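**Student:** Numbering (UniProt numbering), first residue to last: 1 to 108.
Glycine included, every Cβ here is placed at the ideal spot set by N, Cα and C.
As the structure is a prediction and not an experimental result, all values here were calculated from the model.
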């Protein structure tokens, strides 16, 4: 099978707590939807419902294949604690073969 650049993606989302980020991440890994996630604490400044917020949250970058995008998006939407979470698909232009093999071996 010939691999193309669109075969591998990152999916970015944020969570209000580290616990909620880890819970969804671990479930996605167990379901073999993603191979890994990077979880980082940061400050988010944003507006929602006409109000300005300045809060701590946890950003997640899920590593997976492009064919898992819709199922990961659907799962995150269903289980996410935010009413309107950000869920972004980030296409990868290039990646090393070792990374590709790791993803292929661990994502269904």
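Could you spell out the range, first to last residue, of the alpha helix (DSSP H) harbouring residue 22?
**Tutor:** 18-30
**Student:** Enumerate, from N- to C-terminal direction, the unbroken alpha helix (DSSP H) stretches of 4 or more residues contained entirely within the region 37-94.
**Tutor:** 69-79
**Student:** In chain order, what residues of the same chain have a beta carbon less than 7 Å from the beta carbon of residue 103, not counting five sequence neighbours either side?
**Tutor:** 8, 35, 63, 64 and 65
**Student:** Rounded to whole angstroms, what's the CA-CA distance from residue 23 to residue 90? Just pull it up for me.
**Tutor:** 22 Å
**Student:** Does the beta-carbon distance from residue 59 to residue 12 come in below 8 Å?
**Tutor:** yes
**Student:** Between the Cα of residue 31 and the Cα atoms of 56, 97 and 72, which residue gives the shortest distance?
**Tutor:** 72
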